[in-house]
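First residue of the sequence shown? That's 16 in this note's numbering, and the numbers climb one at a time after it.
We put the beta carbon where it would ideally sit given N, CA and C, even for glycine.
First the structure, in the form of structure tokens, and then the observations on it.
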Amino acid sequence: MARSQRSNSSSTPAPSDIVSRSGRFSSGPAADVAAFSESISFDWRLWRQDIRGSIAHATMLQSAGILNAAELKAIREGLEQIGSEIEAGRFTWKPELEDVHMNIEAELTRRVPAGAKLHTGRSRNDQVAVDVRLWLRDEIDALAGEIRGLQRSLVQLGSRNAAVIIPGYTHLQRAQPVYFAHHLLAYVEMLERDLGRFADGRERTNVCPLGSGAIAGSTLPLDRERVARLLEFVDAKGKPRVTQNSMDGVSDRDFMIEFCASSALLAVHLSRLSEDLILWVSSEFGFIRIADAYTTGSSLMPQKKNPDVAELTRGKSGRVIGNLMALLTLLKGLPMTYNRDLQEDKERLFDTADTVRRCVRLTAAMLDNTSVRAEACAAAAADPLLLATDLADYLVRKGMPFRKAHHVVGAVVGFSEANNNKPLNQISVAEFQAIDGTFTDDVASVFDLKQAMARRTLTGSPGTREVKRQLDRWTRSLAKG
Ligand code: ARG
16 MARSQRSNSS
26 STPAPSDIVS
36 RSGRFSSGPA
46 ADVAAFSESI
56 SFDWRLWRQD
66 IRGSIAHATM
76 LQSAGILNAA
86 ELKAIREGLE
96 QIGSEIEAGR
106 FTWKPELEDV
116 HMNIEAELTR
126 RVPAGAKLHT
136 GRSRNDQVAV
146 DVRLWLRDEI
156 DALAGEIRGL
166 QRSLVQLGSR
176 NAAVIIPGYT
186 HLQRAQPVYF
196 AHHLLAYVEM
206 LERDLGRFAD
216 GRERTNVCPL
226 GSGAIAGSTL
236 PLDRERVARL
246 LEFVDAKGKP
256 RVTQNSMDGV
266 SDRDFMIEFC
276 ASSALLAVHL
286 SRLSEDLILW
296 VSSEFGFIRI
306 ADAYTTGSSL
316 MPQKKNPDVA
326 ELTRGKSGRV
336 IGNLMALLTL
346 LKGLPMTYNR
356 DLQEDKERLF
366 DTADTVRRCV
376 RLTAAMLDNT
386 SVRAEACAAA
396 AADPLLLATD
406 LADYLVRKGM
416 PFRKAHHVVG
426 AVVGFSEANN
436 NKPLNQISVA
446 EFQAIDGTFT
456 DDVASVFDLK
466 QAMARRTLTG
476 SPGTREVKRQ
486 LDRWTRSLAK
496 G
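Have a look at this one:
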């Protein structure tokens with residue numbers, strides 16, 4: 016038993032007792048209980064936020080008259096010292112002290128007697144809530160930077176290949192021609208919405224729960240707004256933002272779930288992009304080449320070059336989605352307020368953040384090392400069937416109702432199939448006219464791909480001018496950072 020030997024009768028309690036259960040318990044937890052309930056193995060990474068939160072709390076305790084100036088100074092210096100030791104890898108985490116909060120506070124109290132006053136008006140329940148909010152706020156900012164980077168990589172790959180046209184697909188069947196850049200810009204749009212969701216969730220993360228105590232606040236004259244300001248939990252005008260209900264303050268994990276939900280959707284977007292890249296790099300499509308450094312070989316088949324980065328990104332979306340489900344399930348049956356179940360939140364949150372960040376970064380790097388096989392794209396885009404809809408539009412321009420035009424072009428395609436798949440652009444005017452008298456000599460112009468792309472002028476369409484306009488727009492807005 017980890018703590019069975021400690022003396023409960025000693026007049027000066029051991030540091031570990033100061034921050035745990037002295038007085039109430041006659042023995043420490045059984046070794047397997049301690050091992051089962053510790054969280055230091057994963058929450059140690061909140062140490063910066065824990066120290067920052069403690070310094071803000073202590074600063075406020077001093078202005079409230081609970082600490083004197085010397086005590087505050089000792090606590091601050093002690094915490095900063097511990098921080099630099101952790102940073103240098105010279106701090107020993109003790110699993111018997113359960114979590115990051117108790118590890119740091121116990122060590123502080125061992126060094127600085129005033130440390131025993133630090134936890135005044137505070138509980139680990141509001142402490143862990145503030146730590147995770149601080150951590151997630153930074154994480155969202157870092158992730159947003161990575162997503163911007165991925166958008167840049169997509170726009171640059173599109174710009175480097177601005178003239179390349181490929182078939183666009185529905186049902187994974189060739190549909191209509193699109194610029195390669197237009198296809199990539201679709202992902203830039205998705206990522207922009209992802210950024211909006213993260214920014215929105217950040218608003219609700221950026222609220223300070225300190226002062227909620229264990230469940231019911233404190234009878235002491237704490238200054239919650241002061242702490243919030245010190246920790247930059249402020250709105251755009253610099254006004255402090257504090258949680259408005261102590262019970263909600265200690266048990267709200269919505270902000271984590273929002274982050275995990277936004278991440279799950281981001282992961283789904285990355286997975287879809289990965290799937291496109293995997294298809295494009297296959298011999299069947301052959302639209303792109305991925306540099307060796309971003310692929311792997313096969314241990315058996317010497318010729319293989321596999322798009323593993325894309326496959327793993329597609330695969331990892333599964334765990335990100337799973338993490339969201341785990342958190343929702345964790346919360347759904349919990350009675351108010353804090354329950355130890357909530358300790359299970361952090362590994363899912365950390366795993367989500369780490370996974371999406373790596374996937375975003377690796378995808379961007381892979382795209383920076385991807386080249387387009389222009390000949391293969393041109394060959395695929397030259398399929399005149401891609402312009403069957405343009406042929407119907409041609410008839411519509413001559414006054415034919417679209418439903419009829421659709422039917423007539425269907426007959427043209429049937430004629431092509433019946434004639435050994437004669438390409439649409441090789442059908443003679445006489446043959447066209449035999450199908451429908453509306454066709455005239457100018458029908459050949461429909462199959463000029465360049466003209467076809469120029470005709471697409473609607474906002475958001477894959478037309479020549481429009482895609483250039485969109486590339487310019489994104490290049491300009493992403494240059495701003
Ligand atoms: N390690 C705990 C967690 O992650 C910190 C809060 C513990 N609170 C408590 N009352 N045991 O949730």
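The count of Cβ pairs closer than 8 Å, one atom from the segment 259-270 and one from the segment 331-338, stays below three, leaving the stretches out of contact.
Assignment of beta-bridge partners to residue 386 by DSSP yields 304. Contact check for residue 374 and residue 282: beta-carbon distance about 7 Å, within the 8 Å limit, so the pair qualifies.
Distance between residue 131 and residue 380, taken at the CA atoms: about 49 Å. Inside the segment 153-201, DSSP marks whole beta strand (DSSP E) runs of 3 or more residues at positions 180-185 and 188-194, from first to last along the chain. Counting every other CB atom within 10 Å of its CB across the protein chains shown gives residue 169 a total of 16 or more, marking it as buried. In chain order, 220 place their CB closer than 6 Å to the CB of residue 148, counting only its own chain and leaving out the 5 sequence neighbours on each side. Taken atom to atom, the span from the alpha-carbon of residue 287 to that of residue 332 is near 10 Å.
Ranked by Cα distance from residue 362, the options 135, 46 and 151 are led by 151.
Rounded to the nearest whole angstrom, the CA to CA distance from residue 342 to residue 350 is 15 Å.
At a cut-off of 7 Å, the beta-carbon of residue 143 counts as near ligand 1: some heavy atom of the ligand is closer than that.
According to DSSP, residue 255 shares a beta bridge with 249. Distances from the CB of residue 267 to the heavy atoms of ligand 1 are all 7 Å or more. Not one heavy atom of ligand 1 falls within 7 Å of the beta-carbon of residue 64.
Minimum Cα-Cα distance from residue 448 among the listed residues 292, 410 and 434 corresponds to 410. Secondary structure of residue 472 (DSSP, three-state): coil. Counting C-beta pairs closer than 8 Å gives three or more between the segment 467-484 and the segment 186-196, which meets the contact rule. Residue 223 is bridged by DSSP to 257.
Of the candidates 186, 406, 135 and 67, 406 places its Cα closest to the Cα of residue 457. When DSSP states are grouped into helix, strand and coil, residue 311 belongs to the strand group. For secondary structure counted as the alpha helix (DSSP H) over 4 or more consecutive residues, the segment 87-147 holds these complete runs in sequence order: 115-126.
Between residue 178 and residue 302, the CB-CB gap reaches or exceeds 8 Å. For residue 489, the enclosing alpha helix (DSSP H) covers residues 479-494. Remark: the shortest separation between the CB of residue 318 and any heavy atom of ligand 1 does not fall under 7 Å. Beta-bridge pairing by DSSP links residue 321 to 311. With contacts defined by Cβ atoms closer than 8 Å, residue 305 and residue 322 form a contacting pair.
Residues of the same chain with a CB within less than 7 Å of the CB of residue 165, apart from the 5 flanking positions on each side, are 206, 375, 378 and 379 in chain order. Shown here for residue 437: same chain residues with a beta carbon closer than 8 Å to its own, the five before and five after excluded, namely 430 and 431 in chain order.
Relative to residue 98, the option among 413, 115, 86 and 330 whose CA is nearest is 115. Counting only the Cα atoms, residue 216 lies some 14 Å from residue 279.
Taken atom to atom, the span from the alpha-carbon of residue 258 to that of residue 230 is near 12 Å. Residue 268 sits in coil when the DSSP states are folded into three classes, being neither helix nor strand.
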